[in-house]
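In what follows, a single structure is set out as structure tokens and then discussed.
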Amino acid sequence: MSQQDTFERVQKIVAEQLGVDAADVVPGANFANDLGADSLDTVELVMALEEEFDIEIPDDAAEKMMT
3 MSQQDTFERV
13 QKIVAEQLGV
23 DAADVVPGAN
33 FANDLGADSL
43 DTVELVMALE
53 EEFDIEIPDD
63 AAEKMMT
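Numbering (the numbering used here), first residue to last: 3 to 69.
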């Protein structure tokens, strides 16, 4: 899977979870400041990413996710 493919999958998930336009989901966009996510949104986003990519994101890393 290419980096572009990965980005597009992440972009789609973030847009769906946060209810924003996919065009607003760009590298470096801050989930809270730029995309309006709150702490619950972030938890749901982490869960969706874990499911999509069949991975586990450690809690300490998830807490630091901002972009």
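Backbone N, C-alpha and C define an ideal beta-carbon position, used for all residues, glycine too. Values in this document were obtained by computation on a predicted structure and should not be read as measured data.
Reducing DSSP to helix, strand and coil, say where Thr-8 ends up. Position 6 of the sequence shown, counted from the first residue, corresponds to residue 8. Looking at Thr-8 - three-state DSSP - the assignment turns out to be helix.
Which residue marks the beginning of the alpha helix (DSSP H) containing Asp-43, and which one marks its end? In the sequence shown, the residue the question calls residue 43 occupies position 41. Counting along the chain, the alpha helix (DSSP H) containing Asp-43 begins and ends at 41 to 55.
By Cβ distance below 7 Å, which residues in the same chain neighbour Ala-31 in space, the five residues on each side in sequence not counted? Your numbering for residue 31 matches position 29 in the sequence shown. Excluding residues within five positions, the ones whose Cβ falls inside 7 Å are Leu-37 and Thr-69.
What do you reckon, are the CB atoms on Ala-39 and Leu-47 nearer than 8 Å? Taking the first residue of the sequence shown as position 1, residue 39 is located at position 37. Taking the first residue of the sequence shown as position 1, residue 47 is located at position 45. In this structure, Leu-47 lies closer than 8 Å to Ala-39 by Cβ.
Could you tell me which of Thr-44, Ile-15 and Ala-25 sits nearest to Asp-62, measuring between CA atoms? Here residue 62 refers to the residue found at position 60 when the sequence shown is read from its first residue. It is Thr-44.
Give the straight-line distance between the Cα atoms of Phe-9 and Val-27, rounded to the nearest whole angstrom. Position 7 of the sequence shown, counting from 1, holds the residue named residue 9. Position 25 of the sequence shown, counting from 1, holds the residue named residue 27. If you take the alpha carbons of Phe-9 and Val-27, they lie about 10 Å apart.
Any idea what DSSP makes of Val-16, helix, strand or coil? Position 14 of the sequence shown, counted from the start, is the residue given in the question as residue 16. Of the three classes helix, strand and coil, the one that applies to Val-16 here is helix, per DSSP.
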